[in-house]
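K.L.:
I have a structure here, written as structure tokens, and I will follow up with some questions on it.
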Amino acid sequence: MHAPVELADVAADVLARIKSRAPRVHCITNSVAQAYTANILLAAGAIPSMTISPEEIAAFVASADALLVNLGTFDADRRAAIELALGAMGQGKRWVLDPVFIERSPARAQFARDLLGRGPAVVRLNEREFAALAGGDALGGIAASFARTHRTIVALTGKSDVVTDGERSATVHNGDALMGLVTAMGCAGSALVAAALAVEPDAWLATNAALLALDVAGETAAQSAPAPGRFASWIIDALYSLDRPTLRARARVS
Amino acid sequence: MHAPVELADVAADVLARIKSRAPRVHCITNSVAQAYTANILLAAGAIPSMTISPEEIAAFVASADALLVNLGTFDADRRAAIELALGAMGQGKRWVLDPVFIERSPARAQFARDLLGRGPAVVRLNEREFAALAGGDALGGIAASFARTHRTIVALTGKSDVVTDGERSATVHNGDALMGLVTAMGCAGSALVAAALAVEPDAWLATNAALLALDVAGETAAQSAPAPGRFASWIIDALYSLDRPTLRARARVS
Amino acid sequence: MHAPVELADVAADVLARIKSRAPRVHCITNSVAQAYTANILLAAGAIPSMTISPEEIAAFVASADALLVNLGTFDADRRAAIELALGAMGQGKRWVLDPVFIERSPARAQFARDLLGRGPAVVRLNEREFAALAGGDALGGIAASFARTHRTIVALTGKSDVVTDGERSATVHNGDALMGLVTAMGCAGSALVAAALAVEPDAWLATNAALLALDVAGETAAQSAPAPGRFASWIIDALYSLDRPTLRARARVS
Chain A
161 MHAPVELADV AADVLARIKS RAPRVHCITN SVAQAYTANI LLAAGAIPSM TISPEEIAAF
221 VASADALLVN LGTFDADRRA AIELALGAMG QGKRWVLDPV FIERSPARAQ FARDLLGRGP
281 AVVRLNEREF AALAGGDALG GIAASFARTH RTIVALTGKS DVVTDGERSA TVHNGDALMG
341 LVTAMGCAGS ALVAAALAVE PDAWLATNAA LLALDVAGET AAQSAPAPGR FASWIIDALY
401 SLDRPTLRAR ARVS
Chain B
161 MHAPVELADV AADVLARIKS RAPRVHCITN SVAQAYTANI LLAAGAIPSM TISPEEIAAF
221 VASADALLVN LGTFDADRRA AIELALGAMG QGKRWVLDPV FIERSPARAQ FARDLLGRGP
281 AVVRLNEREF AALAGGDALG GIAASFARTH RTIVALTGKS DVVTDGERSA TVHNGDALMG
341 LVTAMGCAGS ALVAAALAVE PDAWLATNAA LLALDVAGET AAQSAPAPGR FASWIIDALY
401 SLDRPTLRAR ARVS
Chain C
161 MHAPVELADV AADVLARIKS RAPRVHCITN SVAQAYTANI LLAAGAIPSM TISPEEIAAF
221 VASADALLVN LGTFDADRRA AIELALGAMG QGKRWVLDPV FIERSPARAQ FARDLLGRGP
281 AVVRLNEREF AALAGGDALG GIAASFARTH RTIVALTGKS DVVTDGERSA TVHNGDALMG
341 LVTAMGCAGS ALVAAALAVE PDAWLATNAA LLALDVAGET AAQSAPAPGR FASWIIDALY
401 SLDRPTLRAR ARVS
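Chains as they are written, first to last, in the working numbering: chain A, 161 to 414; chain B, 161 to 414; chain C, 161 to 414.
And the structure:
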């Protein structure tokens with residue numbers, strides 16, 4: 161297990177590495193989330209790209225450092241793009257699966273289950289999505305066994321965020337309710353996890369680092385911007401200027 | 161007819177019901193407007209969804225409480241999605257038609273006229289769009305007869321907003337010119353009308369409530385944010401925190 | 161050559177004409193950039209439209225005053241839309257080519273080279289994109305000969321912006337590094353160039369005016385909003401209220 165200060169330091173290290181290395185993160189994501197996701201990545205220091213065109217997605221993914229697969233727009237073009245992107249992933253390159261809203265659509269849930277077999281490093285989702293992915297009656301308690309079975313990291317986000325690889329588990333208690341009132345916040349969080357994967361070999365640490373950073377940014381933003389419109393901008397700024405002392409002072413991880 | 165204070169109270173009631181019931185609003189809307197529309201709905205307390213994928217749109221619409229059909233992106237995928245969505249609407253579920261920019265495209269105008277025959281509860285549009293829909297020489301004055309003929313509510317928005325079901329008419333004089341300088345403001349307003357339809361059986365009252373709420377939010381936002389960039393965020397925040405006293409104090413309805 | 165004050169006055173004149181004439185700018189642009197581009201155009205006083213539907217794009221372009229072709233989303237629909245749009249351009253109507261990220265995709269680069277033969281009035285791009293367009297080893301120094309050969313304006317943006325038509329060259333030293341941390345800022349700049357083309361016959365002056373205006377807006381915004389989230393809104397507001405004295409005081413052009 162990791163003490164809060166330790167994970168705060170990991171988060172600070174990961175943010176510093178993203179800023180200095182400027183990893184390229186290719187995002188296959190829904191049209192609602194594209195701009196916000198790009199701005200979160202840019203604020204953190206990463207370089208987003210978002211094409212899904214069949215002629216070029218392999219080239220983009222081949223020169224990217226990590227990949228996000230978000231199912232929020234579930235059309236034939238994106239499904240084909242996902243197939244091409246996964247085929248273009250080289251050795252050691254990792255990807256994040258974000259199965260948005262699969263509890264609302266059996267077709268999307270089935271597609272997410274198929275993708276789970278393709279080896280995502282991390283699956284980030286909320287409790288309803290996890291229940292749909294894991295088979296209907298799953299709760300946070302079985303996230304660890306699910307992670308073990310599928311050899312992935314489960315990042316179960318909500319009022320608090322649980323990150324488990326089946327052996328190690330951490331719960332991040334930071335964040336603010338306003339994060340749920342800004343569209344694409346979860347999607348952007350998944351993209352930040354992908355950026356962290358590009359600079360931190362330990363996927364469990366990378367996932368914790370990204371979620372802790374975004375949650376602490378959310379807390380600090382909420383102090384200055386107490387409503388969702390301004391908050392959407394302030395959390396970007398809080399992430400942009402997030403430093404080690406703030407992470408250490410605020411991290412609440414168990 | 162309704163006095164301003166009465167409609168202000170209706171708007172406050174409708175907003176309170178949206179916050180407590182969190183209605184699901186499925187939006188078939190243009191790619192420019194998706195994120196802003198989602199954020200307006202979230203700020204009001206509704207749950208947006210936006211998929212147009214043929215495999216799943218029926219499932220999304222079936223579990224939604226209201227539907228928005230916005231023609232701002234007029235492609236084959238969205239036309240097919242609209243057909244599937246309307247087919248999945250159950251008894252008592254209602255939808256809003258927003259025929260964006262139909263005065264610029266004969267094909268889009270014809271499609272909007274066809275949709276009018278499918279029974280939208282509300283058509284929200286500006287004067288140019290109304291002229292294109294009603295046949296070229298229509299003005300605000302004939303909105304009432306148009307509404308009667310097509311058994312719908314016409315919400316004609318602009319410097320002031322006219323809402324008529326053919327029998328009852330109200331004109332909302334609130335709002336701010338900055339609302340016209342933020343892309344997707346009208347689209348988001350139509351989505352808010354859909355959210356109101358999900359919680360208020362009287363479609364005419366629901367439409368007035370949504371437009372009055374957004375217009376009053378615009379007025380209060382303009383006081384703090386006198387330019388369109390910041391205004392776009394502040395109106396979301398003003399809607400998020402809009403209360404009954406503010407609505408009562410500011411409503412100017414005739 | 162033009163002195164800074166002279167170009168500052170041209171920029172002020174062009175902004176005033178955009179505000180008074182409200183030119184229609186049709187934008188074929190990527191889905192990430194659509195909303196931000198629309199908001200920049202609206203703040204400047206132009207009227208954006210963004211459809212790529214084959215049934216109607218010709219009608220939109222025919223009634224538009226300028227066209228933007230941005231390759232940031234490079235799919236079959238947009239390629240078809242570009243063909244239809246260029247076919248619908250009347251005499252004297254001009255367009256801007258923004259070959260986003262062509263250094264990442266050979267297919268996109270080839271498409272951009274083909275478009276170069278279709279006579280864009282202006283090509284706006286960064287150094288990496290210019291190298292990919294011009295053949296791999298191109299640098300800023302050869303922009304002038306490239307512009308002459310292809311009878312276009314090259315607007316090479318970065319830390320400073322070089323605008324050349326092969327005979328006249330200017331370098332705009334304004335701007336702020338935060339502009340690079342907001343997604344779609346370059347795309348929006350290209351759209352503003354298109355708006356300027358709609359009101360200024362001299363394409364070289366129009367391009368300088370648009371870039372200078374956006375760069376000066378960026379500088380003034382950065383003073384109030386020192387991080388990218390808020391900056392994204394403030395630069396819109398700075399552009400909205402940009403006046404001649406500010407342009408004259410701040411313009412640094414050589």
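Cβ coordinates follow ideal geometry from the N, Cα and C atoms, glycine included.
Which of the three DSSP states, helix, strand or coil, is assigned to V376/B?
P.N.:
helix
K.L.:
Going by other Cβ atoms of all chains shown within 10 Å of its Cβ, with 16 needed for buried, is E327/A buried or exposed?
P.N.:
exposed
K.L.:
Are there 16 or more other CB atoms within 10 angstroms of the CB of L275/B, so buried, or fewer, so exposed?
P.N.:
buried
K.L.:
Here's the rule I'm using: 16 or more other beta-carbon atoms within 10 Å means buried, otherwise exposed. How should M161/B be labelled?
P.N.:
A caution first: M161/B carries a pLDDT of 49, below 50, which makes its placement in the model unreliable, though a value can still be read off. Exposed.
K.L.:
In or out: G346/A buried (at least 16 other Cβ within 10 Å) or exposed?
P.N.:
buried
K.L.:
Scan the region 345-360 of chain A for residues whose Cβ lies nearer than 8 Å to a Cβ of chain F and list them as they occur along the chain.
P.N.:
Considering every chain present, this structure includes no chain F. Its protein chains are A, B and C.
K.L.:
Closest to D336/C by C-alpha separation, out of E216/C, A168/C and A373/C, would be which residue?
P.N.:
A373/C
K.L.:
So with Cβ pairs under 8 Å, would you call T233/C a contact of chain A?
P.N.:
So, interface residue.
K.L.:
Per DSSP, which residues does S209/C bridge with? Please list them.
P.N.:
H186/C
K.L.:
I'd like to know whether the C-beta atoms of D258/C and V229/C end up nearer to each other than 8 Å.
P.N.:
yes
K.L.:
Going by C-alpha to C-alpha distance, which of A398/C, R254/C and G295/C sits closest to G279/C?
P.N.:
R254/C
K.L.:
So which residues on chain B does P208/C lean against when the C-beta distance must stay under 9 Å?
P.N.:
V192 and T343
K.L.:
Would you kindly work out how many angstroms separate the C-alpha atoms of L402/A and S320/A, rounded to a whole number?
P.N.:
20 Å
K.L.:
Taking 8 Å as the threshold (beta carbon to beta carbon), is G389/A in contact with chain B?
P.N.:
Yes, contact with chain B.
K.L.:
For V413/C, which residues in the same chain have their Cβ closer than 6 Å to its Cβ, ignoring the five residues on either side in sequence?
P.N.:
P164, L167, A330 and V332
K.L.:
Let's see if you can read the secondary structure: which residues bound the alpha helix (DSSP H) around A204/A?
P.N.:
Q194 to A204
K.L.:
Secondary structure at N334/A, three-state DSSP: helix, strand or coil?
P.N.:
In the structure shown, the three-state DSSP call for N334/A is coil.
K.L.:
Looking at C-beta atoms only, is the number of pairs between the region 190-198 of chain B and the region 341-360 of chain B that lie closer than 8 Å three or more?
P.N.:
The region 190-198 of chain B vs the region 341-360 of chain B: in contact.
K.L.:
List the residues that DSSP assigns as beta-bridge partners of N230/C.
P.N.:
D258/C
K.L.:
Establish whether the CB of W255/A and some CB of chain C are separated by less than 8 Å.
P.N.:
no
K.L.:
From this set, G340/B, A304/B and A358/B, which residue's C-alpha is nearest V185/B's C-alpha?
P.N.:
A358/B
K.L.:
Who are the neighbours of E216/A on chain C, taking C-beta pairs under 7 Å?
P.N.:
F234, S265, A267 and R268
K.L.:
Am I right that F391/C and L338/C are in contact with their C-beta atoms under 8 Å? What's the rounded C-beta distance?
P.N.:
With a Cβ gap of about 5 Å, F391/C and L338/C count as contacting.
K.L.:
To be precise: take each residue of the region 389-405 of chain B, compare its Cβ to all Cβ atoms of chain C, and keep it if any distance is under 9 Å. Which residues remain?
P.N.:
G389, R390, F391, A392 and S393
K.L.:
Report the CB separation of L293/B from R273/B in whole angstroms; it is logged as a contact under 8 Å.
P.N.:
7 Å
K.L.:
Taking only the alpha-carbon atoms, compute the straight-line gap between P183/C and I262/A and give it to the nearest angstrom.
P.N.:
43 Å
K.L.:
Closer than 8 Å, CB to CB, is L202/A near chain C or not?
P.N.:
yes
K.L.:
How long is the line joining the alpha carbons of A409/B and R238/A, rounded to whole angstroms?
P.N.:
Cα-Cα distance, rounded: 49 Å.
K.L.:
For S180/C, decide whether its Cβ has a neighbour in chain B, counting only Cβ atoms nearer than 8 Å.
P.N.:
By this cut-off, S180/C is not an interface position.
K.L.:
Quick one: what does DSSP say R288/A is sitting in, helix, strand or coil?
P.N.:
DSSP places R288/A in helix when its eight states are reduced to three.
K.L.:
Counting only the same chain and skipping the five closest in sequence on each side, list residues whose C-beta sits under 8 Å from that of G300/C.
P.N.:
Here the model assigns G300/C a pLDDT of 48, short of 50, so the residue's position is not dependable, and the following value carries that caveat. E287, F290, L316 and V322, listed in sequence order.
K.L.:
On the criterion of 16 or more Cβ atoms from any shown chain inside 10 Å, does S384/B qualify as buried, or is it exposed?
P.N.:
exposed
K.L.:
I'd like to know whether the C-beta atoms of N190/A and G252/A end up nearer to each other than 8 Å.
P.N.:
no
K.L.:
Which partner residues does S329/B have in the DSSP bridge list?
P.N.:
DSSP output for S329/B lists T324/B as bridge partner(s).
K.L.:
Since G378/A contacts W394/B with CB under 8 Å, what's their CB separation in whole angstroms?
P.N.:
Not really, about 20 Å apart at Cβ, beyond 8 Å.
K.L.:
If we ignore side chains and look at the alpha-carbon of each, how far apart do N334/A and S305/C end up?
P.N.:
56 Å
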